[in-house]
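**Q** In my numbering, the protein residues as written are 1 to 328. All residues carry an ideal CB built from backbone N, CA and C; glycine is no exception. Nothing here was measured: the structure is a model prediction, and the numbers come from that model. Following this message is one structure expressed as structure tokens.
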Amino acid sequence: MNNLRKPLANFRRSLLASLGALAVLAPAASWSQSSTPLRLIVGYAAGGPVDAGARLCAPYLAKELGQTVMVENKPGAGGTMAGDMVAHAAPNGQMLYFAASPPMTISPHILKAMPFDPVKDLTPVAPILSYSNVLVMNKDLPFKTLPELIAYAKANPGKVSYGSAGIGASNHMSGELLALRTGTDLTHVPYKGNAPAMTDVIGGQITMMFDIIGTGRNYIQSGKVRGVAVTSKDRNASLPDVPSMRESGIQDYDVGGWYGLFGPNKLAPEFIAKINDATRKALASEELKAKLIEQGYDLWVGSPQALGERTAKELALWATVSKGIPKQ
1 MNNLRKPLAN FRRSLLASLG ALAVLAPAAS WSQSSTPLRL IVGYAAGGPV
51 DAGARLCAPY LAKELGQTVM VENKPGAGGT MAGDMVAHAA PNGQMLYFAA
101 SPPMTISPHI LKAMPFDPVK DLTPVAPILS YSNVLVMNKD LPFKTLPELI
151 AYAKANPGKV SYGSAGIGAS NHMSGELLAL RTGTDLTHVP YKGNAPAMTD
201 VIGGQITMMF DIIGTGRNYI QSGKVRGVAV TSKDRNASLP DVPSMRESGI
251 QDYDVGGWYG LFGPNKLAPE FIAKINDATR KALASEELKA KLIEQGYDLW
301 VGSPQALGER TAKELALWAT VSKGIPKQ
């Protein structure tokens, strides 16, 4: 019997070492299997711009990963329900939040009960694209440029009104920032989406609004509204005749939105690296580039760290801008 103890002890040590090695490899194996779909959770209804962006990117990401990529819609609470769903998911690489910036950087300052912490509860994985808004106004107004608009607003406090997709939307906060940077009193009129706000700009019920360039461009080019300025520091390639805020005299104004991929907290570094690499390769596709640029987007290829840093920077910016806005 004593002769068997040493071989058995050696066997047990070997078995434990093997099991330990398998435990280390298990997270990588779980997401490398092409039979396991990757779920991209979108916080808005199907057919909207964030959903469209996710569905544009999904097949190119699937090609690079060699596995199915499914887009799932989880609308509610301004996109934060989807973020909460991912924040509480298992960190096994099977679910990611296809996030737009407002739920990550604006909602924490607007909502009374934010369901998750964008910094602590989610892991940055990969940036995808960024976008600017364009300020448009009713074409029949006597003022034509941004300096003329600001001069009128200062001479007539509260008479310049701007629409938005709702309290806390990126175009609402763009208007708040404009008022802050120019020292003007602008009247915010929230709508249930961009489309009804644009209708009232065209009809003259409100003065102006900020809209995503991809949709606002169509109204400008058709002559229904006047393009005043884009919110980026430089002109946008799809609206070459519309000046930037900086060109129009507002130096400290460079804002926009973005889409990025986030995973649950404690996501395996191997998974983060794999998805980030696949995203970079997908965005290198000339076909996908053309589709995104056609929608007025700018591709944003970068590291998880860059995505995390921009999230933190904009959280700080909107904390300042949102002071005085009642929480919803």
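1) Is DSSP giving Thr332 helix, strand or coil here?
2) Which term fits Thr320, buried or exposed, when burial requires 16 or more other beta carbons within 10 angstroms of its beta carbon?
3) Going by DSSP in three states, Ser35 sits in which element: helix, strand or coil?
4) Please determine, among Lys266, Val230, Glu270, Leu239, the residue with the shortest C-alpha to C-alpha distance to Val255.
5) DSSP puts Pro102 in a beta bridge; with which residues?
6) Please specify which runs of the alpha helix (DSSP H), each continuous and at least 4 residues long, are wholly inside the region 155 to 222, giving them in chain order.
7) Confirm, please, whether the CB-CB distance from Val242 to Thr145 is below 8 Å.
8) Kindly indicate the opening and closing residues of the alpha helix (DSSP H) around Gly308.
9) Would you check if the region 174 to 193 and the region 153 to 163 touch, i.e. whether three or more CB-CB distances between them fall below 8 Å?
10) Can you say whether Ala100 is buried or exposed, counting buried as having 16 or more other CB atoms within 10 angstroms of its CB?
11) Could you check how far apart the C-beta atoms of Ile272 and Val125 are, in whole angstroms? I think they sit under 8 Å.
12) How many whole angstroms separate the CB atoms of Val136 and Asp211, which I take to be in contact at a CB cut-off of 8 Å?
13) Hey, how far is the Cα of Ser232 from the Cα of Gly324?
14) If I follow the unbroken beta strand (DSSP E) through Arg226, where does it start and stop?
15) With 16 as the cutoff for other CB atoms within 10 Å, does Ala21 come out buried or exposed?
16) Any chance you could list the alpha helix (DSSP H) runs of at least 4 consecutive residues sitting entirely within the region 38 to 85, in chain order?
17) Given this structure, state the Cα-to-Cα distance separating Thr279 from Ala87, to the nearest angstrom.
18) For Asn276, is the classification buried or exposed, using 16 other Cβ atoms within 10 angstroms of its Cβ as the cut-off for buried?
19) Looking only at its chain, what residues have a beta carbon closer than 6 Å to the beta carbon of Pro102, apart from the 5 residues adjacent to it on each side?
20) The beta strand (DSSP E) with Leu261 in it runs from where to where?
21) Whole angstroms is fine: what's the gap from Pro142's alpha carbon to Leu239's?
22) Would you identify the three-state DSSP class for Asn133, choosing helix, strand or coil?
23) Helix, strand or coil, according to DSSP, for Leu267 in the structure here?
24) Can the beta-carbon of Gly216 be found less than 8 Å from the beta-carbon of Val301?
25) Give every residue of the same chain whose Cβ lies closer than 7 Å to the Cβ of Ser285, excluding the five residues on either side of it in the sequence, and list them in chain order.
26) Grab me the residues of Gln295's own chain with a C-beta within less than 7 Å of its C-beta, minus the 5 sequence neighbours each way, in chain order.
27) So, with DSSP's three-state summary, where would you put Asn92?
28) Are Gly260 and Ile167 touching if we call contact CB-CB under 8 Å?
29) Measuring only the C-alpha atoms, how far is Leu178 from Thr80?
30) Is it buried or exposed, Gly83, if we count other Cβ atoms within 10 angstroms and call 16 or more buried?
31) Here's the rule: buried if 16 or more other CB atoms are within 10 angstroms of the residue's CB, otherwise exposed. What is Pro269?
32) At what residues does the alpha helix (DSSP H) containing Lys289 begin and finish?
33) What does DSSP give as the partner residue(s) for Asn138 in the beta ladder?
**A** Short version:
1) Residue 332 is absent from the structure shown; the chain starts at 1 and stops at 328.
2) exposed
3) coil
4) With distances taken between Cα atoms, Val255 lies closest to Val230.
5) Among the bridge pairs identified by DSSP, Pro102 is matched with none.
6) 170 to 182, 194 to 203, 213 to 221
7) no
8) Gly308 -> alpha helix (DSSP H) spans 304 to 321.
9) yes
10) buried
11) Contact check for Ile272 and Val125: beta-carbon distance about 5 Å, within the 8 Å limit, so the pair qualifies.
12) The pair is a contact, with the Cβ atoms about 6 Å apart (cut-off 8 Å).
13) 25 Å
14) Note, Arg226: beta strand (DSSP E), 225 to 230.
15) Low confidence applies here, because Ala21 scores a pLDDT of 34, under 50, leaving its location unreliable and the question unanswered by this model.
16) 49 to 65
17) Distance from the CA of Thr279 to the CA of Ala87, rounded to the nearest whole angstrom, comes to 21 Å.
18) It is buried - the Cβ of Asn276 has at least 16 other Cβ atoms within 10 Å.
19) Ser170
20) 257 to 264
21) Between Pro142 and Leu239, the C-alpha separation is close to 22 Å.
22) Three-state result, Asn133: strand.
23) coil
24) no
25) Beyond the five residues adjoining it in sequence on each side, Ser285 comes within less than 7 Å, by CB distance, of Tyr60 in the same chain, given in chain order.
26) Gly214
27) coil
28) For Gly260 and Ile167, no; Cβs fall outside 8 Å.
29) 26 Å
30) Its Cβ being crowded by 16 or more others within 10 Å, Gly83 is buried.
31) exposed
32) 286 to 294
33) Looking at the DSSP assignment, Asn138 forms a beta bridge with Val225.
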